[in-house]
Amino acid sequence: MKPRPRQRGRLASLLSVLTILLGLYTLGVYALSYTLWVKHWLAGFLMLSLPVAMAGLVLAFVYWLVVWPVRAWFPLLVLGLGWPFWQRTLAWHSAHESLKGQTSLRVMSYNLRYFDVEAYTEQAQTDLAPRMVDWVTHFDADIKCFQEFYNRDDPDFPAVFRTKRRLEQAGYHHSIVLKPPSSTRTGQDFVGIAIFSRYPLIPRAEKVFSANGNGYLVADLVRG
Numbered sequence: 029m030k031p032r033p034r035q036r037g038r039l040a041s042l043l044s045v046l047t048i049l050l051g052l053y054t055l056g057v058y059a060l061s062y063t064l065w066v067k068h069w070l071a072g073f074l075m076l077s078l079p080v081a082m083a084g085l086v087l088a089f090v091y092w093l094v095v096w097p098v099r100a101w102f103p104l105l106v107l108g109l110g111w112p113f114w115q116r117t118l119a120w121h122s123a124h125e126s127l128k129g130q131t132s133l134r135v136m137s138y139n140l141r142y143f144d145v146e147a148y149t150e151q152a153q154t155d156l157a158p159r160m161v162d163w164v165t166h167f168d169a170d171i172k173c174f175q176e177f178y179n180r181d182d183p184d185f186p187a188v189f190r191t192k193r194r195l196e197q198a199g200y201h202h203s204i205v206l207k208p209p210s211s212t213r214t215g216q217d218f219v220g221i222a223i224f225s226r227y228p229l230i231p232r233a234e235k236v237f238s239a240n241g242n243g244y245l246v247a248d249l250v251r252g
């Protein structure tokens with residue numbers, strides 16, 4: 029049974045409104061990605077949703093192109109404005125591309141969540157932290173970028189959390205650490221952002237956004 033004309037009209041109107049809302053949302057996320065005009069943590073999740081929004085616009089474009097071509101221009105326009113994001117989202121590389129003769133580095137990025145120190149000290153869950161410390165220490169990478177990095181050199185504290193020393197012993201003799209304002213710059217007990225490297229590092233910039241240590245580090249690498 030075919031839908032009645034009035035039902036088709038209502039469906040078309042609803043889909044048209046949804047297409048416009050999706051397009052405006054996508055344009056807003058485009059602007060957010062370039063300017064970061066929203067400082068709330070939710071902004072990160074909005075930007076992560078961009079591929080889904082763009083996929084929805086592709087479906088909307090195909091639908092309107094078949095059903096009502098004059099309405100297909102809007103999703104097509106929004107998709108066109110987002111061309112730089114398509115280039116970043118979709119990429120094809122040959123499996124046979126070779127790096128022979130080129131200089132390469134292995135980089136590791138990991139949110140450590142304090143090595144789960146609270147579970148170790150307060151809940152007697154002593155199995156996870158040693159395995160995590162051992163894994164990040166011995167993972168083969170030239171540069172290791174850590175978020176929520178934890179180190180404590182207190183002799184009365186479990187030795188497993190002397191993580192800075194462990195990494196230095198593993199060959200990462202160069203490091204830069206961004207400590208929150210609540211931690212002294214010379215103290216050995218801290219949670220923050222850290223970069224460890226097998227090669228010398230030159231600090232370039234750092235900024236702490238809040239008392240809990242959110243921020244960023246920028247450094248140059250000296251190699252060769």
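Residue 162 in our numbering sits at position 134 of the sequence shown, with consecutive numbering throughout. Note that the Cβ used here is the ideal one computed from N, Cα and C, for glycine as well. Here the structure is a predicted model, which means the values were calculated and not measured.
Practice task
Under 7 Å Cβ to Cβ from Met75, same chain only, skipping five residues before and after it: list those, please.
Solution key: Mapped onto the sequence shown, residue 75 falls at position 47. Excluding residues within five positions, the ones whose Cβ falls inside 7 Å are Val57, Leu60, Ser61.
Handout entry: Per-residue DSSP class, three states only, for Gln115
Key = Within the sequence shown, the letter at position 87 stands for residue 115. It is helical.
Practice task
Would you mind stating whether Arg134 and Asp170 have Cβ atoms separated by less than 8 Å?
Solution key: Along the sequence shown, one-based indexing puts residue 134 at 106. Along the sequence shown, one-based indexing puts residue 170 at 142. Closer than 8 Å, so yes.
Practice task
Return the first residue and the last residue of the beta strand (DSSP E) that Leu70 is part of.
Solution key: As a working mapping, residue 70 is identified with position 42 in the sequence shown. Element bounds for Leu70: not the beta strand (DSSP E) but the alpha helix (DSSP H), 70 to 76.
Exercise for the section: Give a yes or no on whether the C-beta atoms belonging to Met136 and Lys172 are separated by under 8 Å. Expected result: As a working mapping, residue 136 is identified with position 108 in the sequence shown. As a working mapping, residue 172 is identified with position 144 in the sequence shown. The answer is yes: Cβ separation under 8 Å.
Handout entry: DSSP three-state assignment for Leu43, whether helix, strand or coil
Key = On the sequence shown, residue 43 is found 15 positions in, with the first residue counted as 1. It is helical.
Practice task
Could you tell me whether the Cβ atoms of Val205 and Phe218 are closer together than 8 Å?
Solution key: By one-based count along the sequence shown, residue 205 stands at place 177. By one-based count along the sequence shown, residue 218 stands at place 190. Going by C-beta atoms, Val205 is nearer than 8 Å to Phe218.
Handout entry: Backbone CA spacing between Val236 and Trp69 [nearest angstrom]
Key = If you number the sequence shown from 1, residue 236 lands on position 208. If you number the sequence shown from 1, residue 69 lands on position 41. Approximately 15 Å between the Cα atoms of the pair.
Exercise for the section: Look at the Cβ atom of Glu196, then the Cβ atom of Tyr142, and state whether they are nearer than 8 Å. Expected result: Translated into the one-based positions of the sequence shown, residue 196 becomes position 168. Translated into the one-based positions of the sequence shown, residue 142 becomes position 114. Result no, Cβ atoms of Glu196 and Tyr142 do not sit closer than 8 Å.
Problem - Burial state of Tyr244 (16 or more Cβ within 10 Å) - result: Along the sequence shown, one-based indexing puts residue 244 at 216. Exposed, because fewer than 16 other Cβ atoms sit within 10 Å of the Cβ of Tyr244.
Handout entry: Own chain residues within Cβ distance below 7 Å of Thr154, not counting five before or after
Key = In the sequence shown, the residue the question calls residue 154 occupies position 126. Here the set comprises Tyr148.
Practice task
Just the C-alpha distance for Asn242 and Glu234, rounded to the nearest angstrom, thanks.
Solution key: Counted from its first residue, the sequence shown places residue 242 at position 214. Counted from its first residue, the sequence shown places residue 234 at position 206. Note on geometry: alpha-carbon atoms of Asn242 and Glu234 lie some 11 Å from one another.
Problem - Extent of the continuous alpha helix (DSSP H) to which Ala233 belongs - result: For the purposes of this step, residue 233 is taken as the residue at position 205 of the sequence shown. Taken as a continuous stretch (DSSP letters only), Ala233 belongs to no alpha helix (DSSP H), being part of the beta strand (DSSP E) at 229 to 236.
Practice task
Go to Val145, then tell me how far its alpha helix (DSSP H) extends in each direction, as first and last residue.
Solution key: For the purposes of this step, residue 145 is identified with residue 117 of the sequence shown, where counting begins at 1. Start and end: 145 to 150.
Handout entry: Beta-bridge pairing of Tyr178 - partner residues as DSSP gives them
Key = Here residue 178 is taken as the residue at index 150 of the sequence shown, counted from 1. Note: Tyr178 sits in a beta bridge opposite Val219.
Handout entry: Endpoints, the alpha helix (DSSP H) within which Ala157 is located
Key = As a first step, residue 157 must be located in the sequence shown, where it is residue number 129. Segment 156 to 166, the alpha helix (DSSP H) holding Ala157.
Exercise for the section: Answer yes if the stretch 107 to 123 comes into contact with the stretch 151 to 166, meaning at least three C-beta pairs across the two stretches below 8 Å, and no otherwise. Expected result: Touching, no, given that fewer than three Cβ pairs across the two stretches are closer than 8 Å.
Handout entry: Start-to-end residues for the alpha helix (DSSP H) that takes in Leu108
Key = In the sequence shown, counting from the first residue as 1, residue 108 sits at position 80. It should be pointed out that residue 108 corresponds to Gly in this sequence rather than to Leu. Where Gly108 is concerned, the enclosing alpha helix (DSSP H) stretches over 101 to 109.
Handout entry: Element boundaries [beta strand (DSSP E), containing Leu195]
Key = By 1-based counting over the sequence shown, the position of residue 195 is 167. It is not in any beta strand (DSSP E) - Leu195 instead sits in the alpha helix (DSSP H) that spans 191 to 197.
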